[in-house]
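Peer 1: Reminder that position 189 of the sequence shown reads as 189 in full-length UniProt numbering, one-by-one numbering, no gaps.
The beta carbon of each residue, even a glycine, is placed where N, CA and C say it ideally should be.
These numbers were taken from a predicted model, which means no experiment stands behind them.
The structure's right below; bear with me while I get my questions together.
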Amino acid sequence: MADPIIIAVPKGRILEEALPLLARAGIAPEAAFSDDSSRALSFSTNNPGISLIRVRAFDVATFVAHGAAQLGIVGSDVLLEFDYSELYAPVDLGIGHCRLSVAEPKALAETDDPRSWSHVRVATKYPNLTRRHFEARGVQAECVKLNGAMELAPMLGLSSRIVDLVSSGKTLKENGLVEVEVITQVSARLIVNRAAFKTRAAEVVPLVDKFREIAGGRDAA
Numbered sequence: 001m002a003d004p005i006i007i008a009v010p011k012g013r014i015l016e017e018a019l020p021l022l023a024r025a026g027i028a029p030e031a032a033f034s035d036d037s038s039r040a041l042s043f044s045t046n047n048p049g050i051s052l053i054r055v056r057a058f059d060v061a062t063f064v065a066h067g068a069a070q071l072g073i074v075g076s077d078v079l080l081e082f083d084y085s086e087l088y089a090p091v092d093l094g095i096g097h098c099r100l101s102v103a104e105p106k107a108l109a110e111t112d113d114p115r116s117w118s119h120v121r122v123a124t125k126y127p128n129l130t131r132r133h134f135e136a137r138g139v140q141a142e143c144v145k146l147n148g149a150m151e152l153a154p155m156l157g158l159s160s161r162i163v164d165l166v167s168s169g170k171t172l173k174e175n176g177l178v179e180v181e182v183i184t185q186v187s188a189r190l191i192v193n194r195a196a197f198k199t200r201a202a203e204v205v206p207l208v209d210k211f212r213e214i215a216g217g218r219d220a221a
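Dropping the structure here:
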């Protein structure tokens, strides 16, 4: 019997929205998946030919790109940050909507004009994406890599600005920050390892087609 197809799913905000899609695709994880006390990272499903791994969002792309998982669900922000050539992202799942934005302290924003920037120091978990964005505008970006608590950076003098995901904007507001520029709109994508798409087409292609159907036929741009 062939090894099961492994689907990598992200911890955090996208997972809650992804679970109903998995259910509609006929994929139900074992009970331990919903057990908050469980430390397990790999799970069987009601389909013996499919298993799930639950990892950090940034790691979903890495597991799939390197073939450790054949499919995954991840935000387009992660795909833009890593730009793995081994990944195929055929379906926009229409979930996990937010935006990647530049934010700065409210007091600074009152007199600041992003069009006048020539050099910026930015705290972000997206250094590659951030640097490319500013380079395209002729702005030199010095990126300070952080994995969380981005909003503290301007407050403590680590950087004057941040680049981070924004949904409601509540966290920014509570930390005295405002959006001054949207870099890109973000949504979750179904991703596939390119090699697996060819070598395990009989298993992978029907799954891709099913998710495309569930997502309303939205192909990723």
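Assuming VAL91 and PHE211 make a contact with CB atoms under 8 Å, what is their CB distance in whole Å?
Peer 2: Indeed they touch by this definition, with Cβ atoms about 5 Å apart.
Peer 1: Taking the C-alpha atoms as reference points, what is the distance between VAL180 and THR111?
Peer 2: Approximately 11 Å between the Cα atoms of the pair.
Peer 1: Distance check for SER187 and ALA8, CA to CA, integer angstroms please.
Peer 2: ALA8 and SER187: Cα-Cα distance of roughly 16 Å.
Peer 1: Only counting the same chain, and skipping five residues up and downstream in sequence, which positions put a Cβ closer than 6 Å to that of MET155?
Peer 2: No residues qualify anywhere along the chain.
Peer 1: DSSP on HIS66, reduced to helix/strand/coil?
Peer 2: If DSSP states are grouped into helix, strand and coil, HIS66 belongs with coil.
Peer 1: Return the residue from the list ALA61, LYS170, GLN140 and TYR88 that minimises the CA-CA distance to VAL78.
Peer 2: It is ALA61.
Peer 1: Here's the rule I'm using: 16 or more other beta-carbon atoms within 10 Å means buried, otherwise exposed. How should ARG161 be labelled?
Peer 2: ARG161 is buried by the Cβ-count criterion.
Peer 1: Can you tell me the Cα-Cα spacing of LYS11 and THR199, whole angstroms?
Peer 2: Straight-line Cα distance between these residues: approximately 28 Å.
Peer 1: If you draw a straight line from the alpha carbon of GLY149 to that of GLU213, how long is it in whole angstroms?
Peer 2: The sequence shown places Ala at residue 149, not Gly. If you take the alpha carbons of ALA149 and GLU213, they lie about 37 Å apart.
Peer 1: Determine, using beta carbons only, whether ALA89 and VAL163 come nearer to each other than 9 Å.
Peer 2: Contact: no.
Peer 1: Do you know offhand how far LEU207's Cα is from LEU93's?
Peer 2: Computed Cα separation, rounded: 13 Å.
Peer 1: Ignore the nearest five residues each way along the sequence and tell me which others in GLU81's own chain have a CB closer than 7 Å to its CB.
Peer 2: Here the set comprises TYR126, ASN128 and LEU129.
Peer 1: Curious, which full-length alpha helix (DSSP H) runs of at least 4 residues does the region 9-82 contain?
Peer 2: 13-24, 57-65 and 76-82, all fully within the region 9-82.
Peer 1: What are the boundary residues of the beta strand (DSSP E) that includes ARG121?
Peer 2: It spans 119-124 - the beta strand (DSSP E) in which ARG121 sits, taken as one unbroken run.
Peer 1: Give the list of continuous alpha helix (DSSP H) stretches no shorter than 4 residues that lie fully inside the region 81-110.
Peer 2: Entirely contained in the region 81-110, the alpha helix (DSSP H) runs reaching 4 residues are, in chain order, 106-109.
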